[in-house]
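A.B. asks: Take a look at this one; I'll ask things after.
Residue numbers (my numbering): 444 to 973.
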């Protein structure tokens with residue numbers, strides 16, 4: 444098997460003065476000090492070039508052993524494991540920037556074993572990661588192709604977009620610039636669903652190309668901190684409101700979270716919710732208005748006191764939302780107290796949150812924790828430690844269910860392209876082609892996420908979405924235990940009521956609820972106990 448994988452993926456022998464190293468922090472092998480770029484097409488590019496009407500999109504270079512593996516819908520993470528044949532480097536690593544030689548000789552194991560600090564197990568691990576990545580790449584590419592294969596122009600656009608991403612990854616500015624010019628003519632903002640999503644990725648590639656260091660330089664992409672204008676932030680906030688009203692993504696998270704919170708508060712008189720991120724900055728506190736309504740309608744007496752602690756950096760906005768919520772709750776006979784903590788999650792301390800004796804505490808996190816997932820994992824661990832010290836009855840976690848936090852750019856790019864293609868496909872079904880609401884959601888909200896994933900590195904890259912399996916491992920290491928969510932039927936009834944489009948699905952996966960579009964996971968909700 445090891446011999447087959449060595450034949451299939453690459454020879455890791457140094458060429459043209461390249462030096463091979465192993466960095467356990469970056470999960471793989473890298474090359475540095477290259478003099479000449481050795482360029483070869485990626486497996487998925489060869490897949491895309493087969494413009495065949497059938498769905499038999501199999502990577503030709505895989506060994507026969509791969510056929511014995513069972514194909515699962517949820518594939519291994521591209522973002523975590525993939526480094527392309529053209530560039531196998533981590534842009535978050537100081538040793539980035541090297542290129543890999545072409546697929547070639549089979550004695551790379553021997554050459555690697557002679558390198559100081561590289562063990563045979565490291566080589567096997569790297570090859571295995573590449574093997575799993577190729578399996579995942581095949582499915583991602585095939586799924587995108589299946590959506591576009593009836594349209595010849597769509598097929599060309601898929602190929603053009605991925606080829607451009609390869610050129611940007613290789614820091615081939617001249618070739619990438621030519622490809623970007625072709626993309627600008629084909630990736631139309633008001634075109635097909637794939638043309639529209641391609642326009643967002645084209646913007647991200649252009650931004651990344653402007654930041655990459657020259658070919659031959661050892662180092663990583665220097666990304667400045669994001670500096671958004673007030674106008675841009677206002678546009679994104681308006682797009683977020685439209686997204687909340689039209690798409691079920693965020694409403695799904697609010698619905699599941701409120702059901703779990705109500706269950707945790709059953710029979711309790713003094714209750715307390717800690718909201719990490721305070722409803723994403725949405726005005727009016729939609730989630731907590733619905734919770735107040737549910738508390739009023741629950742059997743028995745309403746709670747004597749409901750406290751909400753809102754964590755966020757815009758204290759004025761939090762106070763406005765708090766005043767509105769308190770007035771609304773008072774009109775329904777609920778005593779609600781909202782206190783705001785002005786802090787980002789990374790700097791949050793247990794002392795910032797006041798917990799009174801006798802009250803039941805829950806913690807709510809809707810699309811927030813992925814922003815503190817960094818390379819070192821220290822920031823996320825710090826937040827989870829704070830939450831653990833509060834000893835909540837439950838922690839509700841809702842996150843995007845995709846892998847956009849891997850160390851390799853091309854892996855993240857393919858994962859993101861697959862993920863957002865499904866989202867834009869759903870928008871195509873829900874809204875007309877020239878609806879300005881659709882354009883605002885796509886260009887002012889999702890495009891910002893895509894550009895962050897594609898063009899940014901280091902602290903500036905905050906859209907670090909991860910799959911539910913990875914969150915399960917992270918939460919377990921932080922001392923939390925999974926509390927299975929058993930409300931699939933209830934969630935499906937809710938979905939049919941708020942969104943009648945058949946493409947959306949809700950499934951249960953290992954105790955988590957997953958909202959998807961045509962079987963592609965979009966958002967996952969999970970529940971945790973200390």
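Cβ atoms here follow ideal geometry from the backbone N, Cα and C, with glycine treated the same way. Source: prediction; values computed, not measured.
Thinking C-alpha only, which one of 753, 755, 754 and 734 is nearest residue 745?
C.D. replies: Taking the first residue of the chain shown as position 1, residue 745 is located at position 302. Residue 734 is the option with its Cα nearest to residue 745.
A.B. asks: Is the Cβ-Cβ distance between residue 788 and residue 806 less than 8 Å?
C.D. replies: To locate residue 788, count along the chain shown from 1; it is residue 345. To locate residue 806, count along the chain shown from 1; it is residue 363. For residue 788 and residue 806, no; Cβs fall outside 8 Å.
A.B. asks: Please go through the region 838-900 and give each complete alpha helix (DSSP H) segment of 4 or more residues, from N-terminal end onward.
C.D. replies: 852-873, 879-883 and 890-898
A.B. asks: CA-CA distance, residue 629 and residue 600?
C.D. replies: Here residue 629 is taken as the residue at index 186 of the chain shown, counted from 1. Here residue 600 is taken as the residue at index 157 of the chain shown, counted from 1. Rounded to the nearest angstrom, the gap between the Cα atoms of residue 629 and residue 600 is 7 Å.
A.B. asks: Assuming contact is defined by CB atoms lying nearer than 8 Å, are residue 689 and residue 918 in contact in what I supplied?
C.D. replies: The residue labelled residue 689 in the question sits at position 246 within the chain shown. The residue labelled residue 918 in the question sits at position 475 within the chain shown. Cβ atoms of residue 689 and residue 918: not closer than 8 Å.
A.B. asks: Can you tell me where the alpha helix (DSSP H) holding residue 707 begins and where it ends?
C.D. replies: Counting from one through the chain shown, the residue named residue 707 turns up at place 264. Counting along the chain, the alpha helix (DSSP H) containing residue 707 begins and ends at 692-707.
A.B. asks: Looking at residue 641 and residue 841, is the spacing between their C-beta atoms short of 8 Å?
C.D. replies: The sequence position of residue 841 within the chain shown is 398, counting from 1. The sequence position of residue 641 within the chain shown is 198, counting from 1. Result no, Cβ atoms of residue 841 and residue 641 do not sit closer than 8 Å.
A.B. asks: Are residue 627 and residue 598 close, meaning C-beta to C-beta below 8 Å?
C.D. replies: For this step, residue 627 is matched to residue 184 along the chain shown. For this step, residue 598 is matched to residue 155 along the chain shown. No. Outside cutoff.
A.B. asks: Can you tell me whether DSSP reads residue 936 as helix, strand or coil?
C.D. replies: Along the chain shown, one-based indexing puts residue 936 at 493. Three-state result, residue 936: helix.
A.B. asks: If you draw a straight line from the C-alpha of residue 859 to the C-alpha of residue 896, how long is it?
C.D. replies: Here residue 859 corresponds to residue number 416 of the chain shown, with the count starting at 1. Here residue 896 corresponds to residue number 453 of the chain shown, with the count starting at 1. One C-alpha to the other measures close to 8 Å.
A.B. asks: Using CA coordinates, which residue listed in 677, 680 and 617 is at the minimum distance from residue 649?
C.D. replies: As a working note, residue 649 is residue 206 in the chain shown. Ranking the options by Cα distance to residue 649, first place goes to 617.
A.B. asks: Per DSSP, residue 807 is paired with what?
C.D. replies: Taking the first residue of the chain shown as 1, we reach residue 807 at position 364. Answer is 718 and 839, bridged to residue 807.
A.B. asks: Enumerate in chain order the residues of its own chain whose CB-to-CB distance from residue 974 is below 6 Å, with the five nearest sequence positions on each side excluded.
C.D. replies: Not covered by the structure: residue 974. The range shown for the chain is 444 to 973.
A.B. asks: Does the region 793-808 touch the region 711-720, meaning 3 or more C-beta pairs lie closer than 8 Å?
C.D. replies: yes
A.B. asks: At the level of alpha carbons, what is the spacing between residue 701 and residue 604?
C.D. replies: As a first step, residue 701 must be located in the chain shown, where it is residue number 258. As a first step, residue 604 must be located in the chain shown, where it is residue number 161. Counting only the Cα atoms, residue 604 lies some 41 Å from residue 701.
A.B. asks: How many whole angstroms separate the CB atoms of residue 793 and residue 833, which I take to be in contact at a CB cut-off of 8 Å?
C.D. replies: By 1-based counting over the chain shown, the position of residue 793 is 350. By 1-based counting over the chain shown, the position of residue 833 is 390. Indeed, because the Cβ distance is near 6 Å, the residues count as touching under 8 Å.
A.B. asks: Leaving aside the five residues before and after residue 933 along the sequence, list all residues of the same chain whose C-beta is less than 8 Å from its C-beta, in chain order.
C.D. replies: Within the chain shown, residue 933 is the residue found at index 490, counting from 1. Closer than 8 Å at the Cβ level, and outside the excluded window around residue 933, lie 702.
A.B. asks: Please confirm whether residue 652 and residue 611 have their CB atoms less than 8 Å apart.
C.D. replies: Taking the first residue of the chain shown as 1, we reach residue 652 at position 209. Taking the first residue of the chain shown as 1, we reach residue 611 at position 168. Yes, Cβ-Cβ distance for residue 652 and residue 611 is below 8 Å.
A.B. asks: Using only CA atoms, which one of 752, 791, 677 and 947 lies nearest to residue 829?
C.D. replies: Here residue 829 refers to the residue found at position 386 of the chain shown. It is 791.
A.B. asks: If we cut at 8 Å on Cβ distances, does residue 912 have a partner in chain D?
C.D. replies: No chain D appears in this structure, which consists of one protein chain only.
A.B. asks: Could you tell me the distance, in whole angstroms, from the CA atom of residue 973 to the CA atom of residue 784?
C.D. replies: Reading the chain shown from its first residue, position 530 is the one you call residue 973. Reading the chain shown from its first residue, position 341 is the one you call residue 784. Going from the Cα of residue 973 to the Cα of residue 784 covers about 23 Å.
A.B. asks: Using only the alpha-carbon positions, how far apart do residue 964 and residue 957 sit?
C.D. replies: Reading the chain shown from its first residue, position 521 is the one you call residue 964. Reading the chain shown from its first residue, position 514 is the one you call residue 957. Going by the C-alpha atoms only, they are around 6 Å apart.
A.B. asks: Contact check, residue 921 vs residue 824 under 8 Å by CB: the rounded distance?
C.D. replies: The residue you call residue 921 lines up with position 478 of the chain shown. The residue you call residue 824 lines up with position 381 of the chain shown. Residue 921 to residue 824, Cβ: 6 Å. Contact.
A.B. asks: Exposed or buried, residue 772, counting other C-beta atoms within 10 Å across all chains shown (16 or more means buried)?
C.D. replies: Locating residue 772 in the chain shown gives position 329, where the first residue counts as 1. So residue 772 counts as buried.
A.B. asks: Rounded to the nearest angstrom, what separates residue 620 and residue 614 at their Cα positions?
C.D. replies: Looking up residue 620 in the chain shown gives position 177. Looking up residue 614 in the chain shown gives position 171. Rounded to the nearest angstrom, the two C-alpha atoms are 11 Å apart.
A.B. asks: Quick one: residues in its chain with C-beta nearer than 6 Å to the C-beta of residue 908, no 5 flanking neighbours on either side, listed in chain order?
C.D. replies: Within the chain shown, numbered from 1, the residue matching residue 908 stands at position 465. By the criterion of a C-beta distance shorter than 6 Å, residue 908 is surrounded in its chain by 813, 843, 845 and 847, once the five residues flanking it on both sides are discounted.
A.B. asks: Can you tell me whether residue 765 sits near the ligand GTP, meaning its C-beta is under 7 Å from at least one heavy atom of the ligand?
C.D. replies: Judged by which ligands are present, the structure shown has none, so any question about the ligand GTP falls away.
A.B. asks: Looking at the strands, I want to know which residues DSSP matches up with residue 750.
C.D. replies: Numbered from 1 along the chain shown, position 307 holds the residue referred to as residue 750. The partner list for residue 750 (beta bridge, DSSP) reads 715 and 780.
A.B. asks: Just the C-alpha distance for residue 1006 and residue 764, rounded to the nearest angstrom, thanks.
C.D. replies: Since the displayed the chain opens at 444 and closes at 973, residue 1006 lies outside it and no answer follows.
A.B. asks: So which of 632, 678 and 695 has the shortest CA-CA distance to residue 955?
C.D. replies: Here residue 955 refers to the residue found at position 512 when the chain shown is read from its first residue. When only C-alpha atoms are compared, the closest one is 695.
A.B. asks: Just to confirm the assignment, what range does the beta strand (DSSP E) spanning residue 968 have?
C.D. replies: Working through the chain shown from its first residue, we reach residue 968 at position 525. Run containing residue 968: 963-972, per the beta strand (DSSP E) assignment.
A.B. asks: With a 10 Å radius around its C-beta and 16 neighbouring C-beta atoms as the bar for buried, classify residue 929 as buried or exposed.
C.D. replies: Walking along the chain shown from the start, residue 929 turns up at place 486. Its Cβ having fewer than 16 others within 10 Å, residue 929 is exposed.
A.B. asks: Residue 704: which of 758, 951 and 808 sits nearest, CA to CA?
C.D. replies: Working through the chain shown from its first residue, we reach residue 704 at position 261. Nearest option by C-alpha distance: 808.
A.B. asks: Give me the Cβ distance between residue 685 and residue 884, rounded to the nearest whole Å; I'm assuming they're in contact under 8 Å.
C.D. replies: On the chain shown, position 242 is the one that residue 685 refers to. On the chain shown, position 441 is the one that residue 884 refers to. So it is a contact: roughly 5 Å between Cβ atoms.
A.B. asks: Is residue 956 helix, strand or coil when you go by DSSP?
C.D. replies: Mapped onto the chain shown, residue 956 falls at position 513. The answer is strand: DSSP assigns residue 956 an E or B state.
A.B. asks: Among 804, 748 and 914, which residue has its Cα nearest to the Cα of residue 810?
C.D. replies: Within the chain shown, the letter at position 367 stands for residue 810. The closest CA to that of residue 810, considering only 804, 748 and 914, is found on 914.
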